[in-house]
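Structure first, commentary second.
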Amino acid sequence: MKAPDITVKLYIHHNQFNPAPFVATCDMSQWNGFTLVEVIEITIPAPILSGADVAQKRIEQLRSRQLDIINSAHAQAAEIEDQIKTLQCIEHSPAAMTSR
Numbered sequence: 001m002k003a004p005d006i007t008v009k010l011y012i013h014h015n016q017f018n019p020a021p022f023v024a025t026c027d028m029s030q031w032n033g034f035t036l037v038e039v040i041e042i043t044i045p046a047p048i049l050s051g052a053d054v055a056q057k058r059i060e061q062l063r064s065r066q067l068d069i070i071n072s073a074h075a076q077a078a079e080i081e082d083q084i085k086t087l088q089c090i091e092h093s094p095a096a097m098t099s100r
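The structure is reproduced here in structure tokens:
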């Protein structure tokens with residue numbers, strides 16, 4: 001069974017604030033600063049994936065997300081540990097001298 005192709009219209013605009021072409025999937029010329037230059041329709045062949053392929057892709061995405069969460073948690077824990085050590089240093093600093 002062949003997957004259906006994906007057909008997309010791309011709207012190419014000129015943006016007065018940026019010399020590079022601006023590509024969108026809708027006509028942005030109604031917004032100030034965008035001039036519609038051309039509309040191109042492209043067809044992209046959709047990949048043919050089995051159920052196992054889809055499951056494997058999902059597992060890869062979940063593992064990547066899991067790793068991002070772990071790395072973020074380690075960074076946050078290190079930041080909290082630094083704050084704790086800073087407070088501990090302040091508590092153990094010599095008392096300020098007062099003049100009489």
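Numbering (this note's numbering), first residue to last: 1 to 100.
For every residue, glycine included, the Cβ atom is placed at its ideal position computed from N, Cα and C.
- Membership of Thr86 in the alpha helix (DSSP H) is indicated by the continuous run Gly51 to Glu91.
- Short of 6 Å from the beta carbon of Ile12, and not among the five residues preceding or following it, lie these beta carbons of its own chain, in chain order: Pro21, Val23, Val37 and Glu38.
- In the structure shown, Lys2 adopts coil according to DSSP, grouped into three states.
- As a beta-bridge residue in DSSP terms, Ile12 pairs with Val23 and Glu38.
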